[in-house]
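Engineer: By this note's numbering, the letter at position 191 of the sequence shown is numbered 197, and the numbering carries on one by one without gaps. Every residue gets a Cβ at the ideal spot worked out from N, C-alpha and C, and that includes glycine. A quick note: this is a predicted structure, and the numbers were derived from the prediction, not measured.
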Amino acid sequence: MNIYQFIVGEEEEDIRLDVYLSNQLPDVSRNYIQKMISKEKVKINGQIETSKKFRVKQNTQVEIEIPDAEPLKIEPENIPIDIIYEDDDVIVVNKPQGMVVHPAVGNYRGTLVNALLYHCKNLSSINGIIRPGIVHRIDKDTSGLLVVAKNDKAHHHLAEQLKAHTMVRVYTALVYGNLKEDEGTISAPIGRHPTDRLKMAVVKGKGKEAVTHFRVLKRFGDYTLIEARLETGRTHQIRVHFSFIQRPLVGDPVYGPKKQKFDLAGQALHAGTLGFIHPTEGKFLKFEVDLPDYFKKLLQQLEAQYGK
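1. Shortest alpha-carbon distance to G213 belongs to which of F220, H199 and L255?
2. If you measure between the beta carbons of N120 and E92, is that distance less than 8 Å?
3. So, are the CB atoms of V256 and M206 less than 8 Å apart?
4. Pair every Cβ in the region 49-62 with every Cβ in the region 16-30, then say whether three or more of these pairs are closer than 8 Å.
5. Given this structure, state the Cα-to-Cα distance separating K45 from D269, to the nearest angstrom.
6. Mark N100 as exposed unless 16 or more other C-beta atoms lie within 10 angstroms of its C-beta, in which case mark it buried.
7. Which two residues bound the contiguous alpha helix (DSSP H) that contains Q243?
8. Could you compute how far the alpha carbon of K58 sits from the alpha carbon of D95?
9. Using alpha carbons as the reference points, say which of N8, L231, F250 and E17 lies closest to V217.
10. Hey, would you say V68 sits closer than 8 Å to I50, going by beta carbons?
11. Can you tell me which residues form a DSSP beta bridge with N184?
12. Taking only runs of the alpha helix (DSSP H) that begin and end inside the region 45-104, which ones reach a length of at least 4 residues, in chain order?
13. Against chain D, does A110 count as a neighbour if the rule is that its beta carbon must be under 8 Å from one of theirs?
14. Under three-state DSSP, which class holds S149?
15. Across the region 187-201 and the region 137-157, are there enough close Cβ pairs to call them in contact, namely three or more that are closer than 8 Å?
16. Give the straight-line distance between the Cα atoms of G15 and D202, rounded to the nearest whole angstrom.
Dropping the structure here:
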């Protein structure tokens, strides 16, 4: 059994209990957290709280008890996936917002890996039973392109491209504020947050090198639509970097403002372009997918308010 305790900060005042705990435990699904609340596994200042809609208050202690994980058996599931390209070595998929890439505590079903295991006979074994075939990840609430390896040789080849920064990964994002520069580079090391170990942060002297290149696509008054190209691939890199320069992503529940203006399921971030050298054929492949509907509707809303 694992017990986690948190103290509610000033910016977290009046957030729903299930949302608050989901923000603190990003690797645990909100559905699982809601189950723990209903099973009397959550306490507020030592008192059991069974309502997921309870609003947390500043300086109160929130405690959640998570049972030890059961022995893992990741089952194939007949979940539709948007396959952009497939051959004997790789699969390129367009992951929807809201889908977790691979199983984790309290979230062993409904992931991209479950879907891939149903679709494919073979995936690379390098990352074990939890992450078969997974070369790189995008966050649950980030949509877009991923390449998955079907065999170990392909996995090694793709991993080397990531390490050498030769894999092309370009994202579209909507950030708060008006970026004055038309283009630029954010170079700031990323590591674990010094006080909140469940978050990432720019950590001088201790973090790993992280470089994000960006250019402005369009400005909407208090918002800026950007294209971000990853040179490195740290956890939450784009989200952390733009929060660091005080331009957090719209809809980001972890690195953005706690009270969001738009009714979004998560950050407005889409991995629209992916390019890599094919591990067997040696030729460069490049794929592009359009923005998802939720993102298009958000931009239409901004265009109606600020003009095209």
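Structural biologist: Let me spell this out:
1. On the sequence shown, residue 213 is found 207 positions in, with the first residue counted as 1. For the residues F220, H199 and L255, the minimum Cα distance to G213 belongs to H199.
2. Position 114 of the sequence shown, counted from the first residue, corresponds to residue 120. Position 86 of the sequence shown, counted from the first residue, corresponds to residue 92. In this structure, E92 does not lie closer than 8 Å to N120 by Cβ.
3. Position 250 of the sequence shown, counting from 1, holds the residue named residue 256. Position 200 of the sequence shown, counting from 1, holds the residue named residue 206. No, the pair does not count as a contact, with Cβ atoms beyond the cut-off.
4. Contact holds: three or more Cβ-Cβ distances are below 8 Å.
5. For the purposes of this step, residue 45 is taken as residue 39 along the sequence shown, with counting starting at 1. For the purposes of this step, residue 269 is taken as residue 263 along the sequence shown, with counting starting at 1. When rounded, the distance between both Cα atoms is 29 Å.
6. Start at 1 with the first residue of the sequence shown, and residue 100 comes out as number 94. By the 10 Å Cβ count, N100 comes out buried.
7. Walking along the sequence shown from the start, residue 243 turns up at place 237. That run of the alpha helix (DSSP H) goes Q243 to F250.
8. By one-based count along the sequence shown, residue 58 stands at place 52. By one-based count along the sequence shown, residue 95 stands at place 89. Cα to Cα, the separation comes out at about 44 Å.
9. Walking along the sequence shown from the start, residue 217 turns up at place 211. Considering only alpha carbons, the answer is F250.
10. In the sequence shown, the residue the question calls residue 68 occupies position 62. In the sequence shown, the residue the question calls residue 50 occupies position 44. A contact, by the Cβ cut-off of 8 Å.
11. If you number the sequence shown from 1, residue 184 lands on position 178. Answer is none; N184 lacks a bridge partner.
12. none
13. Of the chains in the structure shown, none is chain D; there is only one protein chain.
14. The sequence position of residue 149 within the sequence shown is 143, counting from 1. Under the three-state reduction of DSSP output, S149 falls in the strand class.
15. Contact fails between the region 187-201 and the region 137-157, because fewer than three Cβ pairs, one in each stretch, are under 8 Å apart.
16. Here residue 15 refers to the residue found at position 9 when the sequence shown is read from its first residue. Here residue 202 refers to the residue found at position 196 when the sequence shown is read from its first residue. The alpha-carbon atoms of G15 and D202 are separated by roughly 11 Å.
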